[in-house]
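Protein chains in written order, with numbering that gives the first Met the number 0: chain G, 0 to 360; chain R, 0 to 360.
Just so it is clear, CB atoms sit at the ideal spot from N, CA and C, and this is done for glycine as well.
The structure displayed is predicted, hence computed values, not measured ones.
Protein chains: 2
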Amino acid sequence: MRANVERKTLAEAAASLERIAPTRASQPAYSQVYLRAEDDRLVMRATNGELDLELAIPAEVEETGALAVPANLFGQLVRSAPGERVALRESGSALELESGAFATKLTAADPESFPEPPEVGGEVARIPPQAMVRAISTVRYAAAHEEYRAIFRGVQLELYPQRFRAVATDGFRLALYDVEGAGGEEVKLVVPARSADELVRVAKDASEPLALRAGSGKLAVEGERFRMVISLMEGTFPDYQRVIPGEFVLAARFEAEPFRQAVERLRLLADRQTQRVDLVFSEGKVTLGTEGEYGQGREELVVETEGEVPFEVSYNAQYLIEALKALRGATRLKLSGAATPSVITSEEDPGYRAVVVPLRV
Amino acid sequence: MRANVERKTLAEAAASLERIAPTRASQPAYSQVYLRAEDDRLVMRATNGELDLELAIPAEVEETGALAVPANLFGQLVRSAPGERVALRESGSALELESGAFATKLTAADPESFPEPPEVGGEVARIPPQAMVRAISTVRYAAAHEEYRAIFRGVQLELYPQRFRAVATDGFRLALYDVEGAGGEEVKLVVPARSADELVRVAKDASEPLALRAGSGKLAVEGERFRMVISLMEGTFPDYQRVIPGEFVLAARFEAEPFRQAVERLRLLADRQTQRVDLVFSEGKVTLGTEGEYGQGREELVVETEGEVPFEVSYNAQYLIEALKALRGATRLKLSGAATPSVITSEEDPGYRAVVVPLRV
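See below:
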C-alpha cells in the first residue's frame, strides 16, 4: 500500500470512524481502523460489532494494499500532522505516515484479522439523505434511556411505497415523523438509538439518495462516500397507534420557541422528581406555574385557544421541552383531556407529531 | 430590599459567584449567594471558606436590604429570564424575582446567617490587573496536582518595591514571571492554584490597579467592582532559586508555536509512562524523536544553535508543551547539560522563565 491523500479529508474521515471504534474494545479489531488503497481512493472502515462504517476518500494510489492501525492514535496523528497532504506507506508490518517534516511508523495489524463487512440483503428503499436525517433526528429524543426495556431504546423506521416514518417512544411519550414521496418495500426496522445518532451524523453531508438494504437482522445504508451497517434490534416495537388520540377538547396555538423557553425557566423551580409544570388555559392565554423545594414560578403567555376553556393540565416539563425542541414557528398543543394523551404538531413541519401524557393531578 | 438591575450584568455576576459556591456545600451558607441592595448598587457575595468573592453591580435601589438565596438556582433563573431587566424584591422570607412575564418567589435564608466578610490586614501593594493576570496565568501550569505536597499546589506571589514575581513549581519543573514597575511591601504569599485561577478570571476585566491587602493568613484583592479574599497556604515555598542554572552549554532559538506543535505530535507516540521525547541538536537544526508502544515518530525543525553541537537531551513531552504554551514568537531553550536543568525564555515576554529537568537516559 502506498497512497497520498489530502490531510483535512483524511482527518474528517478518521474522526467519524473513531466515533465507531470504542477506546476500550472487547476485541482488538474493534479499536482499529482498516485502511485499503485501491483505484483512486482510500477505503477506511471501523466496526464495533453493532455498527460498521466504511468511508471512501479520494486518494492518489501508487500501490494497492490494506492494513489496520489503532483508530484513535491514527486520528490524532492525522489531525496534528503539519502538512497539507499525508503520505501513507506500508513498510513490513508497519504503516509509515509522512506529512511535512513529520514522519511516523505505526505498528500495524494484519488486515486479514479485521472482520469482513457484514452480509446484508437486497435494496428495500431509496431515501433522500436530508429527509432521513430530519425524520430520525427529530424523533430520537423520545427513545428511552438505559433503564428501560431494550425495544424502547430504538427508533423504528417504517417503510412504505412512496412514504416512510420514523418513530420513537419510551412508553411515556412518543414522537413520529412522516415523510411523503420517498419510500420502498413495506418493512419495519428498529434501529438502536445510538446507531441512529451515528447514521444522522454521517448522512447529513450526503447529497445523493441513500440506498437501504435489509436482511439477516441488519440494515445497510449506502451513500456516495459511506456505507453503514447497523445491527437491528430484535423484538416487536410497541403498538403506539392506539395511544394517539383523534379527538380533542382544546387546542392551543403558539410559537414553539418562546413557549419552550418559558417551560425551561419554570422547570428550574419545579419539583425535581416530577418536573411538574401546571398549565391553566383561558381565552387567549395560558398561565404556566410550578412549585418546588426552593420556591415557585409563574409566567403568562398569549396563545390562540380553540375549545373548552378554562382548562387545567399538568406535564413533566422535560417532556414538553423535548417535544418542542426541534420546532420553530406556529405549533399546536391539542388536549384530549386532563389525564389522556396530548398531541403536539407543527405548521412548518407537518410530518411531525409528538404525544405527551399529562401528569395526574 | 427592592432593586432593579440589568439582566445581563446580573447574570454575569451570578455566574462568577456560582463558581465559588460549591454545589455540595459543607455549610448551607456556602451554597448561597448573599444579595444586598444599597446606594446605587447591588452587592453580591459568595464564599466557600477558602475563597470569598464580593461583586457590586449598578442597581436602581428603591429599598435597601439583604437576603441570601441558592446561588446556582438564582444564576440559572437570571440567565433564563425573558426580560432586559430584573426586579428583585424582598417579600416576607422570600425573594421575588420578576423579569418580563416571568415571576418567581424563592425561599430566602436569613442574611444574618451568611458569614461576615473576613478581616484582612493593611494594603501591601497596588498592581495593574493585566500584569497580575499575565503573571499568574502564565506560571500556573507548573503548580502540582492533588497528589503532591500541599505547598507545591500553590502559586507564590513575591512582592518587592516596584516589582513582583509569580512562581510555581511541582518539584520537577518551575515557571516564574517577573513584572517590573509595580510592587509593594516586601512579602511572599502562597495562593492555592485554584484560587489563583479564580483571581485571574475575575481580575481580567478590571482596568484600575488592584489593591492587595494581607494579614491573618489571608490575601484580599480589591478591584473597582470586586473584592476577593483568598485563604493563603501555610508552609514554606521551596527554595527554587538554586535549581535555576546560570551557565549553559547550548542555546537553541526557535519559534514557540511550531516547536510546541511538533512536540505535541510526537507525544502521541511517546511511551505513556515517561512521555519521553528525544532532541538531537546539530548545527542549525534539531531532530525530535520518540518511540512508544504503537510505533515511532520523528520530526526535524530548523533552529538557531549556539554552543556545543551535536547534543542529545530528552524531556517529558508534556513538560515542554506546557512550558511553551503561553509563548508566541522567538523562544530560547538553554541547556546546562544533558541531565541538569534547562531554561526556556521568551524574547517577546522577557519576564517569563521556565525550568525543565531533562529525563535521565
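- Between Arg331(G) and Ala250(G), the C-beta spacing is below 8 Å.
- The three-state reading of DSSP puts Pro69(G) in strand, counting E and B together.
- Cβ neighbours of Val42(R) within its own chain (closer than 6 Å, five residues either side excluded): Arg35, Ala55.
- Residue state for Met227(G) is assigned as strand, using DSSP reduced to three classes.
- Separation of Val201(G) and Phe225(G) (C-alpha to C-alpha, rounded to the nearest whole angstrom) is 8 Å.
- Residue pairing of Arg212(R) in beta bridges, as defined by DSSP: Glu122(R), Ala219(R).
- In this structure Pro57(R) is exposed. Its beta-carbon is surrounded by fewer than 16 other beta-carbon atoms within 10 angstroms.
- Contiguous beta strand (DSSP E) elements confined to the stretch 89 to 156 of chain R occur at 93 to 98, 101 to 106, 122 to 126, taking only those with 3 or more residues.
- When secondary structure is reduced to three states using DSSP, Gln274(R) falls in the coil class, being assigned neither helix nor strand.
- Judged by beta-carbon spacing, Lys333(R) lies beyond the 8 Å limit of Tyr140(R), meaning their Cβ atoms are not closer than that value.
- CA-CA distance, Val301(R) to Glu263(G), rounds to 56 Å.
- With contacts defined by Cβ atoms closer than 8 Å, Ala165(R) and Val154(R) form a contacting pair.
- One alpha carbon belongs to Arg297(G), the other to Val356(G), and they sit about 22 Å apart.
- For Glu83(G), there is no enclosing alpha helix (DSSP H), since its DSSP letter is neither H nor E.
- Proximity of chain R to Pro69(G) at the Cβ level (cut-off 7 Å) is accounted for by Tyr293, in chain order.
- The DSSP-derived three-state label of Ala192(G) is helix.
- Cβ contact annotation for Ala70(R) (same chain, cutoff 7 Å, sequence separation greater than five): Leu16, Glu17, Ala20, Ser30, Gln31, Val32, Ala45, in chain order.
- Contact of Ala80(R) with chain G by beta-carbon distance below 8 Å involves Arg264.
- A Cβ-Cβ separation of about 6 Å places Val228(G) in contact with Val119(G) under the 8 Å criterion.
- The shortest CA-to-CA distance from Phe236(R) to any of Phe258(R), Val190(R), Leu218(R) is the one to Val190(R).
- Around Ala93(R), the beta-carbon contacts reaching into chain G at under 8 Å are Gly294.
- Close partners of Phe280(R) in chain G (Cβ separation under 7 Å) are lacking, with about 16 Å as the shortest Cβ gap.
- Interface flag for Lys7(G) against chain R is unset, since no Cβ pair is found closer than 8 Å.
- Counting only Cβ-Cβ distances below 8 Å, Ala102(R) has contacts in chain G at Gly296, Arg297, Glu298, in chain order.
- In chain order, Leu158, Gly183, Glu184, Val186, Leu211, Arg212, Ala213 place their CB closer than 7 Å to the CB of Val123(G), counting only its own chain and leaving out the 5 sequence neighbours on each side.
- Non-local beta-carbon contacts of Ile343(G) in its own chain, meaning distances under 6 Å to residues more than five positions away in sequence, involve Ala322, Leu332, Ala353 in chain order.
- Note that the stretch 86 to 102 of chain G does not touch the stretch 168 to 177 of chain G; fewer than 3 beta-carbon pairs, one per stretch, sit closer than 8 Å.
- Per DSSP, the beta bridge partners of Gln31(G) are Pro69(G).
- One finds nothing in chain R with a Cβ atom closer than 8 Å to the Cβ of Leu66(G); even the nearest lies about 12 Å away.
- Taking 8 Å as the cut-off, the beta carbon of Glu254(R) is found closer than this to the beta carbon of Ala329(R).
- Taking a cut-off of 8 Å for Cβ pairs, the stretch 1 to 10 of chain G and the stretch 62 to 77 of chain G touch, as three or more such pairs fall below it.
- Where Phe258(G) is concerned, the enclosing alpha helix (DSSP H) starts and stops at 255 to 266.
- Residue-level contact check: Thr106(R) touches chain G, since one or more beta carbons of chain G fall below 8 Å from its beta carbon.
- Taking Pro244(R) as the centre and dropping the five residues before and after it, the same chain places the C-beta of Ser335, Thr339, Pro340, Val342 closer than 7 Å to its C-beta, in chain order.
- Counting the other CB atoms within 10 Å of its CB gives Asp38(G) a total below 16, which places it among the exposed residues.
- Spatial neighbours of Glu145(G) in its own chain (CB-CB distance under 8 Å, excluding positions within 5 residues in sequence) are listed in chain order as Arg152.
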